[in-house]
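Written below as structure tokens is the structure these notes are about.
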């Protein structure tokens with residue numbers, strides 16, 4: 001069934017006084033008719049209000065970590081280094097919420113045109129997280145080929161009140177609709193924390209005519225399936241082999257040819273990988289899919305000795 005679409009404008013006013021590390025600004029793509037119910041239109045999308053909201057195309061690659069220095073040199077010659085990612089990058093830690101039967105996981109695996117997921121994300125050193133640390137409550141959704149992300153920044157204790165205790169929290173007026181949508185998802189689908197991911201990220205941003213371009217390189221992709229407090233001193237296991245890095249090209253309209261040519265020249269492999277799904281499968285919550293990235297060693301297991309180290 002073909003769904004009707006119409007465009008919506010993203011308000012220019014966004015709170016917070018500056019954008020967090022993993023963001024860009026762009027014109028939103030077409031959205032499904034908001035008059036249709038969630039049951040009839042996949043996931044009904046609501047227009048973003050006064051909160052961080054951006055939309056982009058994304059291409060993901062896997063490459064050997066040994067090839068990253070060559071990629072880094074080429075990117076640094078044409079792009080700016082993200083100011084948040086100086087001196088080796090920054091940590092990205094996320095807690096993902098899903099249903100008891102992993103609805104969001106299966107929507108990704110099945111490649112539904114309209115799908116979304118809910119997460120709480122922290123940028124920086126996880127061991128410094130406390131109740132007052134700033135985190136982001138995010139809904140990331142896929143609309144055909146376009147990735148949309150909406151989020152609000154909250155102190156961690158309020159984010160837990162919202163997502164774990166399912167309570168409406170103090171907020172700015174423009175965030176009301178988004179927080180109600182988060183609560184609706186949590187309560188209607190009975191969402192709970194399912195998996196956590198963490199990695200070290202290097203980021204490069206475009207300038208001039210390529211201002212909407214962003215390239216991220218993620219190293220040491222780890223995860224866990226318990227102890228979901230972001231600041232917990234808990235064991236994390238590699239969910240992508242340490243010898244591999246995940247590279248993402250993100251653009252408002254199209255990825256420039258020089259960048260795709262660079263990827264081809266470095267023999268980077270396009271992959272359909274989700275760090276959330278990778279974590280779910282690595283810890284045995286679901287059978288490993290054809291998209292799961294595992295070690296070359298056929299004896300490799302999700303809890304093998306090689307996977308127990310964060311280094």
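Numbering (UniProt numbering), first residue to last: 1 to 311.
C-beta atoms are modelled at their ideal positions from N, C-alpha and C, and glycine is treated no differently.
Looking at the DSSP output, residue 55 sits in a beta bridge with 148. In the three-state reduction of the DSSP assignment, residue 269 falls in the strand class. Look at residue 245 here: in three-state DSSP terms it is strand.
Secondary structure of residue 107 (DSSP, three-state): helix. Exclusion of the five residues before and after residue 81 leaves 204 as the residues of its chain whose Cβ lies within less than 7 Å of its Cβ. By the CB criterion at 7 Å, residue 99 and residue 185 fall outside the cutoff. Note on geometry: alpha-carbon atoms of residue 110 and residue 79 lie some 35 Å from one another. In this model, residue 231 and residue 250 are separated by some 29 Å (Cα to Cα). A contact between stretches requires three or more CB pairs, one per stretch, nearer than 8 Å, and the stretch 209-220 fails this requirement with the stretch 165-182. Excluding the 5 residues flanking it on each side, residue 263 has same chain C-beta neighbours closer than 7 Å at 61, in chain order.
With a 10 Å radius around the Cβ and a threshold of 16 neighbouring Cβ atoms, residue 258 comes out exposed.
Around the beta carbon of residue 158, 16 or more other beta carbons sit within 10 angstroms, so the residue counts as buried. Spatial neighbours of residue 124 in its own chain (CB-CB distance under 7 Å, excluding positions within 5 residues in sequence) are listed in chain order as 90, 91. With a 10 Å radius around the Cβ and a threshold of 16 neighbouring Cβ atoms, residue 282 comes out buried. With 16 or more other Cβ atoms from the protein chains shown falling within 10 Å of its own Cβ, residue 107 counts as buried. Taken in chain order, the unbroken stretches of beta strand (DSSP E) that lie wholly in the stretch 59-113 and span 3 residues or more are 90-98. Rounded to the nearest angstrom, the gap between the Cα atoms of residue 218 and residue 156 is 24 Å. Going by DSSP, residue 219 is part of the beta strand (DSSP E) stretching over 214-224.
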